[in-house]
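Structure first, commentary second.
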Amino acid sequence: MEQIIATVRGFDGALVVVPEPGGDFPEQAWGDAFFYYAPDGRMPRTTQPYGTIVTKDHPGDTASDLDPPGRWRVNVQVDRATFRELTGEEPRGDGPRTPRDHAAADRVLPHPVYGSLGWVCVVVPGERTTGTVERLLRDAHDAARARFERRHRTGGRPPEDG
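Residue numbers 1319 to 1480, in the numbering used here, belong to the letters of the sequence shown in order.
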């Protein structure tokens, strides 16, 4: 997990937010990580992260069985072609068609909740998937940067709104 966080921190303009006890974030987010393109170093108020790491089950998102020690999951927003290449499916409003074991480690899968929106995930990335995860995060970061630049080049929201 720390390797992935360090990799993302190395991307130009990346902001990695890791909520801790005593901060402004709800307890459910403590220990998780959220990845943004934010060249000003401030968390965008109107932009979702392009990637996350979750370290525990969340309400409505328990299929990956993240509560046991040592389990965590990285989640990445990908484009339609990449989603299709990695999962063999189209991201669809009605969810994935193929049953999956979302608790399986070191496998790229559609996200158990947000797969229909083009998110993939890996529980405890290992030898088979760490390189893929890092590439997907780089691509997602580059896409977030391109969106940011389009918005700000065309007179969109000011930078603090990301």
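Cβ coordinates follow ideal geometry from the N, Cα and C atoms, glycine included.
- prompt: Under the rule that 16 or more other beta-carbon atoms within 10 Å means buried, what is Gln1395, buried or exposed?
  reply: Position 77 of the sequence shown, counted from the first residue, corresponds to residue 1395. By the 10 Å Cβ count, Gln1395 comes out buried.
field: Tyr1355 beta carbon less than 9 Å from that of Arg1463
entry: Here residue 1463 refers to the residue found at position 145 when the sequence shown is read from its first residue. Here residue 1355 refers to the residue found at position 37 when the sequence shown is read from its first residue. The answer is yes: Cβ separation under 9 Å.
- prompt: Are there 16 or more other CB atoms within 10 angstroms of the CB of Gly1369, so buried, or fewer, so exposed?
  reply: Walking along the sequence shown from the start, residue 1369 turns up at place 51. Burial call: buried.
field: Complete runs of the alpha helix (DSSP H) confined to the region 1363-1434 [at least 4 residues]
entry: Fully contained in the region 1363-1434 are the following alpha helix (DSSP H) runs of length 4 or more, in chain order: 1398-1405.
message: So for Val1481, helix, strand or coil by DSSP?
response: No answer is possible for residue 1481: the residues shown for the chain start at 1319 and end at 1480.
task: Could you check the C-alpha separation between Asp1397 and Leu1454 for me, to the nearest Å?
output: Working through the sequence shown from its first residue, we reach residue 1397 at position 79. Working through the sequence shown from its first residue, we reach residue 1454 at position 136. The straight-line gap from Cα to Cα measures roughly 10 Å.
- request: Specify the secondary structure class of Ala1332 as computed by DSSP and reduced to three states.
  value: Here residue 1332 refers to the residue found at position 14 when the sequence shown is read from its first residue. Residue state for Ala1332 is assigned as strand, using DSSP reduced to three classes.
field: Anticipated Cβ contact below 8 Å, Pro1443 with Val1372, distance rounded
entry: Here residue 1443 is taken as the residue at index 125 of the sequence shown, counted from 1. Here residue 1372 is taken as the residue at index 54 of the sequence shown, counted from 1. With 8 Å as the limit, Pro1443 and Val1372 do not qualify as a contact, their Cβ atoms being about 13 Å apart.
message: Using a Cβ distance threshold of 8 Å, determine whether the region 1358-1365 contacts the region 1426-1437, with at least three qualifying pairs required.
response: Remark: fewer than three beta-carbon pairs, one from each stretch, lie closer than 8 Å, so the region 1358-1365 and the region 1426-1437 are not flagged as touching.
message: Shorter than 8 Å, the distance from the beta carbon of Trp1437 to the closest heavy atom of the ligand PLP, or not?
response: Absent from the structure shown: the ligand PLP. Ligands present: none.
message: Can you check which of these residues, Val1438, Leu1333, Trp1348, is closest to Glu1407 by C-alpha distance?
response: As a first step, residue 1407 must be located in the sequence shown, where it is residue number 89. The candidate whose alpha carbon is nearest that of Glu1407 is Val1438.
Burial state of Asp1350, where buried means 16 or more other Cβ atoms lie within 10 Å: For the purposes of this step, residue 1350 is identified with residue 32 of the sequence shown, where counting begins at 1. Asp1350 comes out buried.
- prompt: How would you call Ala1324, buried or exposed, if buried means at least 16 neighbouring beta carbons within 10 angstroms?
  reply: Taking the sequence shown and counting its residues from 1, one reaches residue 1324 at position 6. By the neighbour-count rule (16 or more Cβ atoms within 10 Å), Ala1324 is not buried but exposed.
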